[in-house]
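K.L.:
Take a look at this one; I'll ask things after.
Residue numbers (the working numbering): 18 to 206.
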C-alpha cells in the first residue's frame, strides 16, 4: 500500500486557501488543481509499503509524535517548482515554527530508516501543493498564480498531530484515507 505521513492545516486555513485557489483556476485552466479536502503538508513520503510493515510504521509515527509538542505554522505566499518557463508545481509557503516541523521530519526519517525504509534524500522543503502543470513541459500560468499569492496570508494553524495516510489512485484521482492520527505530547499548563 502507498503511504505518507503528513500534518493537516486547520479547516479555517484550508477554507481561506481554497477560496484563493478558486480565483486562480481561471488563470491556469490547464493545471491539475488539488481539491481543498486533499490539501495536506507532507512530512515523509513512504511510497509503496508491504502490508506487514504498516504496524511498525504506525508505532514509529506514535513514538515520534509523543516526543514533540504542538507548534504553530502559517500559510503565506507561494511559489513554483520548475522555473519561470517550465513551472511544474504551484505551492503555498509554510512559515512560523518551521524548525519544529523540520525537527519532526528529521526524527521521523531517522526512525523509519533504522527500520529499513528507503526514503528520498533531498532537503525537506515544507509546502502545500496547490496545482500541477497539465503539460509535462510546465505551465507559465502557474508563475502568474504564484505572483498573485505573494503577500497573502491564509492564517495560522496549530499542528497537534501526525497523520499516516494511505493513498489510492483511481480514475477520479487520489483518495487519501487516514490510517492513524498520532497526537503530539500535551504541554502542562
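All residues carry an ideal CB built from backbone N, CA and C; glycine is no exception.
Values in this document were obtained by computation on a predicted structure and should not be read as measured data.
Roughly how many angstroms separate the alpha carbons of residue 23 and residue 102, rounded to a whole number?
P.N.:
Here the question's residue 23 lines up with position 6 in the chain shown. Here the question's residue 102 lines up with position 85 in the chain shown. Roughly 30 Å separates the two Cα atoms.
K.L.:
For residue 54 and residue 27, I'd like the C-alpha separation in whole angstroms.
P.N.:
Looking up residue 54 in the chain shown gives position 37. Looking up residue 27 in the chain shown gives position 10. One C-alpha to the other measures close to 11 Å.
K.L.:
From the DSSP output, which residues share a beta bridge with residue 110?
P.N.:
By one-based count along the chain shown, residue 110 stands at place 93. Per DSSP, 93, 144.
K.L.:
Do residue 173 and residue 91 have their CB atoms nearer than 8 Å?
P.N.:
Along the chain shown, read from residue 1 onward, the residue named residue 173 stands at position 156. Along the chain shown, read from residue 1 onward, the residue named residue 91 stands at position 74. Closer than 8 Å, so yes.
K.L.:
What would DSSP say about residue 135, mapped onto helix, strand or coil?
P.N.:
Reading the chain shown from its first residue, position 118 is the one you call residue 135. Residue 135: coil per DSSP, three-state reduction.
K.L.:
Helix, strand or coil for residue 166 per DSSP?
P.N.:
Position 149 of the chain shown, counted from the start, is the residue given in the question as residue 166. Looking at residue 166 - three-state DSSP - the assignment turns out to be helix.
K.L.:
Does DSSP classify residue 157 as helix, strand or coil?
P.N.:
For the purposes of this step, residue 157 is identified with residue 140 of the chain shown, where counting begins at 1. Here residue 157 sits in coil by DSSP.
K.L.:
If you run the structure through DSSP and keep just helix, strand and coil, what is residue 28?
P.N.:
Mapped onto the chain shown, residue 28 falls at position 11. Helix.
K.L.:
To the nearest angstrom, how far is the alpha carbon of residue 63 from that of residue 105?
P.N.:
Along the chain shown, one-based indexing puts residue 63 at 46. Along the chain shown, one-based indexing puts residue 105 at 88. Whole-angstrom Cα-Cα distance: 22 Å.
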